[in-house]
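Going down the list, the sequences are from chains A and B. Just so we're aligned: 636 in the numbering used here is position 632 of the first sequence, and the numbers increase by one with no gaps anywhere. Just so we're aligned: 685 in the numbering used here is position 681 of the second sequence, and the numbers increase by one with no gaps anywhere. Ideal Cβ positions, reconstructed from N, Cα and C, are used throughout, including at glycine. Source: prediction; values computed, not measured.
Number of protein chains: 2
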Amino acid sequence: MKYILILLFSGFVANAQIKTTSLDLMPWPQKIEMKSGTFTLDKNFKVNIKGQPDARIFQAATHFLRRLDGRTGLFLEQGFVTKENEFPTASLQINCAKAGKTGLYEDESYQLEIQSTGITINATSDLGAIHALETVLQLLQNNASSFYFPMVSITDFPRFTWRGLMIDAARHFQPVDVIKRNLDAMAAVKMNVFHWHLVDDQGWRIEMKKHPRFTELASDGDYYTQEEIKDIVKYADQRGIMVIPEIDVPGHATAILTAYPEIGSKVVNSNANFLENKTQTSTIAPYSLERNSGIFTPTIDPSNPRTYELLSEIFDEVCPLFSGKYFHIGGDENEGKDWDANPKIQAFMKKNKLANNHELQTYFTMQLIPMLKKHQKELMGWEEIMTKNMSKEAVIHSWRGPNEGLLSGQSLVIAAKSGYKTVLSNGYYIDLMQSVADHYLNDPIAKNIALTSEERARILGGEAVMWSELVTPLTIDSRIWPRTAAIAERLWSDAAITDLSSLRKRLKTISFRLEELGITHLKNKDVILRNISNNQKTEALEDFSKICEPLKIYTRNSEGTEYKVYSPLTLFADVCTPDAEDAVAFEVAVNQYLENKSPENQNRVTDFLKKWIEINSKLIALSSNAPLIQPILPLSKNISEASQQLLLKIEKKQAVNTAILSDLIEQCNSKKYADVELAVYSSLIKLL
Amino acid sequence: MKYILILLFSGFVANAQIKTTSLDLMPWPQKIEMKSGTFTLDKNFKVNIKGQPDARIFQAATHFLRRLDGRTGLFLEQGFVTKENEFPTASLQINCAKAGKTGLYEDESYQLEIQSTGITINATSDLGAIHALETVLQLLQNNASSFYFPMVSITDFPRFTWRGLMIDAARHFQPVDVIKRNLDAMAAVKMNVFHWHLVDDQGWRIEMKKHPRFTELASDGDYYTQEEIKDIVKYADQRGIMVIPEIDVPGHATAILTAYPEIGSKVVNSNANFLENKTQTSTIAPYSLERNSGIFTPTIDPSNPRTYELLSEIFDEVCPLFSGKYFHIGGDENEGKDWDANPKIQAFMKKNKLANNHELQTYFTMQLIPMLKKHQKELMGWEEIMTKNMSKEAVIHSWRGPNEGLLSGQSLVIAAKSGYKTVLSNGYYIDLMQSVADHYLNDPIAKNIALTSEERARILGGEAVMWSELVTPLTIDSRIWPRTAAIAERLWSDAAITDLSSLRKRLKTISFRLEELGITHLKNKDVILRNISNNQKTEALEDFSKICEPLKIYTRNSEGTEYKVYSPLTLFADVCTPDAEDAVAFEVAVNQYLENKSPENQNRVTDFLKKWIEINSKLIALSSNAPLIQPILPLSKNISEASQQLLLKIEKKQAVNTAILSDLIEQCNSKKYADVELAVYSSLIKLL
């Protein structure tokens, strides 16, 4: 019997050589059948492409070969894949029926068949075939001396058509190489939408040939040239990724108004008439680029005809740089304070029968729709744009939830039920420093909500969002990856794929493999630790980082003023990540010990405690030549002292005063030091 | 007495708080006086700029603040430095008399005064001030809790005006971010010439708007756009670095001839007259992009008028992209085989009374001088262009030496004596994988050669050259840095600064600090080791890499065919570097032990031997799940077995057969495995 068992989603095969549970695939395919046997790689391995694919498949196949060769060191003979049917007898045969079109609703499915004699990929479009190549790379196995693929049959397709990542390049500029390597990583986990947040209070990041004031006055010299933007759009398209630009209006507009204060809403103090040209200067308020984080007052004036002239000119210049169908205009967090205080705007509202700021913003947003339509773009905005008169053509980006006092995903459901296409980001805010589990279990289609099939179809998918107030090019990858791979799986795979221990296991391999694409989440950690340690040994710091996590949900920069856009982000909090490795392992150890106090289980717990006592000593020693370690010492002292007492208690060497121990553990819950928290606190209290 | 002692070049101050020997400055300043006392940093530290500097100084000062803040975590209050005399009371005062002009012969000197109350930089040009900022960063000291600068008075200026680094972007393309971070690193060690090798047999790397065939047919899609080139030239200029482009002709021309075969010298077999248009096709030979390394036959035809038309068009398009005064036309390693075999060319030589290929090449090169002069560029070429009729306006790039059967630097002296300006690269071939000591002690002006002051003045300086046959963007930094800092010191500092132990000590700190600029030499080592280990622990591999060095002087790719341009460079040899850390330390230990067999000295040696025995066991264990470790095992077995016998001999636990031991050590001299050699062999044989 050749087919031993058909396995859907998970599980394993008795008697088969390789179990599906041993495969570190992510996103998990829709259907996978394991067979007994393998296909072994050697240097003669070649790729052949047939059908009517887009030319991007040749570059994708060439990259595939280079990555495979980099992993295996086989010195593969095939150099470049440049044309169709070049090697009809190649071991890897790709058949594509048609050229795929990057964007929504394209057929991204593929079938992958690995037999002992070779590999076959069948896909409707080359986009499906490119996904299949990533699956092949994830299937690579090895023993001591060779590399091989398991015999397997996979049928795969995405659950949602919008599987996005947003990167904020406004708060901290992210150069072209950061964007490109993240596009590579997105493609590796089959994501297909890159949302590029290009304009916010802290900077305008697009070269404007007709309006050079934007970059001259509002970018600090950090912006993308139009050629770079076109290059990135092409780079993304080569990987089947659509790029959605965002220019955030009418709020979040400090950068725009720094360049063009004449379209601002702020009322100018008439005492400012000290300049010669009174009439002109007295009507324009000054703005300057924002250096802090938060929600700010500067807002575009919707009553000023010049506003629409300028925005139309902006769209005329920016739209042609992008080939995708959508343009994100922001629309979020508009306070309206300057509207309320501006008599001219109040008069405009009265004249146009606009009852409140919501209606005024709707009026404003509606003016943008034809400007975008002129360039075949559909308008997308954050959920605040969804007011009663908003066009149903707009795409609603759902982002608010419990942090904003609302139900999770509420706007998504309202949008879908109201006839809007919609995308979920609430629950996918990867800058909040929450556990990957929180994001992973956040499904765009909640089980308890009844939706018609039309309403479901309007839920396009979801998008991880990476706001950049607290990240630089040095650290951004470590906040995005590997966690975004879990969100990619949520958006691609079946809703039933929710096993957290499988996720964590697979994520370790995915994380490792992301280095191949230049993702810096692992290697830049060492860079920062070397800086903190002042070029001394980094082991103790690294071990300590495995139980510390950065403060969550914006508490690191709670007033938005501790960290300005130029503040150092080379600190201990910048190497710590959510899901601190040893904290996760310690939790498991504590739970096992509390269930069964065997010597082995006890040792597993006490080994951690001893390690933390030792770390504290080592950090004290290192700190004599490393001022950046000083802020961490109170924290390592706390955990060391609590560990000492817990050791005495657990090993029963000495009577321990519970009140004192309780106090010591409580101190491990401090959030006062070094912008991090001890992620083991919740496990420590269980040991009391 | 405020000034304790005047110290030139090196030495230390008795009784002073900080000794000059404790400073990790590189290049070492011309004159340094230490005083007693310090200036301590706090968050109020600010920079103020006065005088008539170029605007580049503002960006340089802003970068300086960000680097200082990244190291110290002080949250410096000053964000951006954007205008003159913004903070008249700032602790760091910069005075520049004039705007510097990037290029040769500019005044790059500076004076730096650090007192307990603040820092003063005086410089003729902003280029000198920018050098001073790098010195300030190198002077940063710390104790347990604070950062400070020693009180010091420095007068500094370069010995040579040409302090260059060449990067070959033809053999392996090096993207913009690689170039930019290397420009930052060059500036950190006060280098001022970036020589960009843009065209060779393996690729044409310049976007050509009028001749798109170059990149379409001869780049594999890897090239710099003209906008990127201009951006890099500007980026370099911001750092006081002049960019010299190189298009290598008439040899090394496979890429050029792949795009324009009609200017090739190859005679076509007349049997190829199978095409319709006989006359045209039969005179054009086909060329295809070279995938191997070496010296190849394809050569431009100097007898063809179309050659000069095309080259003139090329220079018309490429020259305006660069602001520097020089253009490198290569001219090296022209075999002339196709010239010898081509009757048309032979007839041309006869007609023009060109006696041999040298004279023909001179004829060819002389045609290029006016093409470049049209764009205010002077011609530079590798030393082969220096023939008897070559214009004295040409700059001679001296590169050949013992490897080519010539005396080291011979052509440099001949050039200087013959009236040519000249630059030394022989001895600075950092791709040869030789010890940094070899490069460091290689002075452009050899002591034993008598030169007049005019002749000396023609020796402009030197240039480290990084050929890229065996490096990718992943590994190139680890071949360039930190070793190029030693060459930078040779070219900047006094000729008397030659102490190797001081160099090695300072280089460790410089190496660490290069990470701040994004140089990847340290962090990418971990990336490759994780790949080799297949995501297992990397310690044993890393320790083993500390006694292994890549095969030297092109023996790694001796026939030029093992490694093609697409071969994997993710192997063990790619993490090993010259001056293997533990090999250097072991040599010291062995020498001490042989001088004095004290128990301490013995232990120092035997600790190494024990470590290597342990490494072998660990590598064997790891290899069961990591095929890429297999090729290393014979080598770790050799050193382990030799170490075991040596241990027995040294610790006198057992009689050792000297013949067997000798054999085992001899096996440690093998160069057969994994493209590396054991760098401890020469120390091991001393222990026999």
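Task: Nearest residue (CA-CA) to Ile-36/B, options Phe-49/B, Val-140/B, Lys-50/B - done: Per the Cα distances, Val-140/B.
Task: Whole-number beta carbon distance between Leu-639/B and Leu-575/B, since they are thought to touch under 8 Å - done: With 8 Å as the limit, Leu-575/B and Leu-639/B do not qualify as a contact, their Cβ atoms being about 13 Å apart.
- [ ] Assign Cys-672/B to buried or exposed, taking buried as 16 or more other Cβ atoms, counted over all protein chains shown, within 10 Å of its Cβ.
- [x] buried
Task: Selection of the segment 534-560 of chain B by Cβ proximity to chain A, strictly under 8 Å - done: Arg-534, Asn-535, Asn-538, Asn-539
Task: Gln-82/B burial status per 10 Å Cβ neighbour count (16 or more: buried) - done: With 16 or more other CB atoms across the displayed protein chains lying within 10 angstroms of its CB, Gln-82/B is buried.
TODO: Return no unless some Cβ of chain B is closer than 8 Å to the Cβ of Pro-695/A.
DONE: No answer is possible for residue 695/A: the residues shown for chain A start at 5 and end at 692.
Task: Close Cβ partners of Leu-478/A (< 6 Å) along its chain, the five nearest in sequence each way excluded - done: Asn-528
- [ ] Give the range of the beta strand (DSSP E) segment to which Gln-115/B is assigned.
- [x] 114-119
Task: Beta-carbon neighbours of Leu-314/B, restricted to chain A and to distances below 7 Å - done: By Cβ distance, chain A contributes nothing, its closest Cβ being about 25 Å from Leu-314/B, past 7 Å.
Open item on the list: Can you pull the chain B neighbours of Ala-584/A, defined as C-beta to C-beta under 9 Å?
Closed with: Going along chain B, no residue has its Cβ under 9 Å from Ala-584/A, so there is no contact; the nearest lies around 19 Å.
Task: Other residues of its chain near Thr-283/B: CB distance less than 7 Å, five sequence neighbours each side excluded - done: At Thr-283/B, the pLDDT of 47 sits below 50, so the modelled position is not reliable; the number obtained from the coordinates is stated separately. Counting only Cβ-Cβ distances below 7 Å, and skipping sequence neighbours, we find nothing.
- [ ] Take every Cβ of the segment 409-428 of chain A, pair it with every Cβ of the segment 453-468 of chain A, and state whether three or more of those distances are shorter than 8 Å.
- [x] Cβ pair count under 8 Å is three or more, so yes.
Task: Completely contained alpha helix (DSSP H) runs for the segment 234-258 of chain B, where each covers 4 or more residues - done: none
Task: Pairwise C-alpha distance: Ser-40/B and Val-531/B - done: Taking the straight line from one Cα to the other gives about 44 Å.
Open item on the list: Applying the 10 Å Cβ sphere with the 16-neighbour rule, what's the burial state of Gln-206/B?
Closed with: Looking at its Cβ environment, which holds 16 or more other Cβ atoms inside 10 Å, Gln-206/B is buried.
TODO: Just the chain B side, please: which residues come within less than 8 Å of Val-531/A by C-beta, in chain order?
DONE: Glu-519, Leu-526, Lys-527
TODO: Kindly say whether Arg-295/A, judged by its beta-carbon, lies nearer than 8 Å to any beta-carbon of chain B.
DONE: yes
- [ ] Whole angstroms is fine: what's the gap from Gly-255/B's alpha carbon to Ile-304/B's?
- [x] 7 Å
- [ ] Pick helix, strand or coil for Trp-166/B, following the three-state DSSP scheme.
- [x] It is a strand residue.
Open item on the list: I'd like to know if the segment 506-521 of chain A and the segment 42-60 of chain A are in contact, where contact means that at least 3 CB-CB pairs between them fall below 8 Å.
Closed with: no
- [ ] Throw me the rounded Cβ distance for the Asn-126/A and Tyr-114/A pair, which I believe falls under 8 Å.
- [x] 7 Å
- [ ] Just the chain A side, please: which residues come within less than 7 Å of Pro-572/B by C-beta, in chain order?
- [x] Asp-73, Gly-74, Gly-77, Phe-79
Open item on the list: Run through chain B and tell me which residues come within less than 7 Å of Lys-568/A, C-beta to C-beta.
Closed with: Gly-83
Open item on the list: Run through chain A and tell me which residues come within less than 8 Å of Asn-146/B, C-beta to C-beta.
Closed with: Asn-538, Asn-629, Ala-630, Pro-631
- [ ] Pair every Cβ in the segment 305-319 of chain B with every Cβ in the segment 206-220 of chain B, then say whether three or more of these pairs are closer than 8 Å.
- [x] yes
- [ ] Sort Asp-73/B, His-176/B, Ala-103/B, Asp-679/B by Cα distance to Arg-243/B and report the nearest one.
- [x] Comparing alpha carbon positions, the residue from Asp-73/B, His-176/B, Ala-103/B, Asp-679/B closest to Arg-243/B is Ala-103/B.
Open item on the list: I'd like the list of long-range same chain contacts for Asp-241/B, defined as Cβ closer than 6 Å, with 5 residues on each side in sequence excluded.
Closed with: Thr-106
- [ ] Enumerate in chain order the residues of its own chain whose CB-to-CB distance from Thr-219/A is below 7 Å, with the five nearest sequence positions on each side excluded.
- [x] Trp-208, Glu-211, Met-212, Tyr-227
Task: CA nearest to the CA of Leu-665/A, picked from Lys-675/A, Lys-653/A, Ser-674/A - done: Lys-653/A
Open item on the list: Ser-482/B and His-525/B - do their beta-carbons sit closer together than 8 Å?
Closed with: yes
TODO: Show which residues of chain A have a CB atom less than 7 Å away from the CB atom of Leu-575/B.
DONE: Gly-77
Task: Span separating the alpha-carbon of Met-390/A from that of Lys-329/A - done: Between Met-390/A and Lys-329/A, the C-alpha separation is close to 20 Å.
Open item on the list: Looking at chain A, is there any beta carbon in it that lies within less than 8 Å of the beta carbon of Phe-151/B?
Closed with: yes
Open item on the list: Suppose contacts are defined by Cβ-Cβ distances below 8 Å. Is Tyr-444/B in contact with Glu-467/B by that definition?
Closed with: no
TODO: State the start and end residues of the unbroken alpha helix (DSSP H) segment that holds His-362/A.
DONE: 361-377
Open item on the list: For the structure I just gave you, are there three or more beta carbon pairs, one from the segment 401-420 of chain A and one from the segment 366-373 of chain A, closer than 8 Å?
Closed with: no
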